[in-house]
Amino acid sequence: MPARSRWAVQVNNLSRVIPQEELSDCERWVLPAVQSSRAAPSGPGLGANLLTAGQIEQVQRQAYEEGFALGRREGLAAGQDELHAQVQRLDQMMRALSAPFEGLDQQVEQELLLLTTTMLRQLVRRELKTDPGQIVAVVREAMASLPVATRNARLYLHPEDATLVRDALAISDAERPWRIMEDPVLTRGGCRVITDTSSIDASVETRLAILIATVLGGVRDSDSPTQA
């Protein structure tokens, strides 16, 4: 029989069912027992490493408390940082809102100063134009401010005011202890007195500046808070 045929027969024989009468020479095969080379842990050390339920609960409670405390500290720190940032933003907003009002206050003050100056100048000029004789009262007040032992006093007036003063006093230059000097640069209604040791500026511009400062100073004092 060829080799290929014998191989086929052998393969077929391996898959053949053996009848019961042929089983007398066969033995049952049992899987041998396999033992591990590592011994199972035993002894008192194993029980010592185990935790009881109470110990496990205590460990869990301690871990929870520590985690809660840490989270609380971190939360407080984060909250304080956020609060500080909000306060800074609020402060910046308030500064931004108040800046235009500060500029407006300065602008209003400048406009008030200009308006007050203009009104007072117009009032003074109108009063002098309506009653030019007021220059006499101005001269008398200026001369009364001089020291008693004044020598070589010279009264400077606008030429038109100089004529009014001479006519009002009705005395000659020789009879007066001071001389009248005409100065066309001076504004009508004002005068200047110069002596060897002192001088008085009673010009319209100087008196007007003093009046404006007095008026504005009174306004500022009334706006300032009073102390009890």
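Each residue of the sequence shown is one higher than the one before, counting from 1 in the numbering used here. Heads up, the beta-carbon is just placed ideally off N, CA and C, and yes, glycines get one too.
Find out if the Cβ-Cβ distance for the pair residue i, residue j is shorter than 8 Å.
i	j	result
Ala142	Cys191	yes
Gly189	Gln122	no
Leu146	Ile180	no
Leu155	Val139	yes
Ile212	Thr117	yes
Leu216	Leu120	no
For the beta strand (DSSP E) holding residue i, just list the boundary residues, first then last.
i	result
Ala149	Ala149 -> no beta strand (DSSP E), and no H or E assigned at all.
Which residues in the same chain as residue i place their Cβ atom closer than 7 Å to its Cβ, once the five residues preceding and following it in sequence are excluded?
i	result
Pro159	Glu182, Pro184
Asp167	none
Val204	Val124, Thr187, Gly189, Gly190
Gly67	none
By alpha-carbon positions, which one of the options ends up nearest to residue i?
i	options	result
Ala144	Asp91, Thr206, Ile212, Pro177	Pro177
Val136	Ala153, Leu164, Ala85	Leu164
Thr187	Thr195, Met93, Arg207, Gln62	Arg207
Val124	Leu216, Ala209, Gly217	Ala209
Asp131	Tyr64, Gln92, Asp161	Asp161
Could you please give me the residues that DSSP links to residue i through a beta bridge?
i	result
Asp201	Arg192
Ile180	Leu155
Residues in the same chain with beta-carbon distance under 8 Å from residue i, minus the five sequence neighbours each way, listed in chain order, please.
i	result
Ser198	Leu146, Pro147, Thr150
Less than 6 Å between C-beta atoms, sequence neighbours within five positions excluded: which residues of the same chain meet that for residue i?
i	result
Thr214	none
Gln106	none
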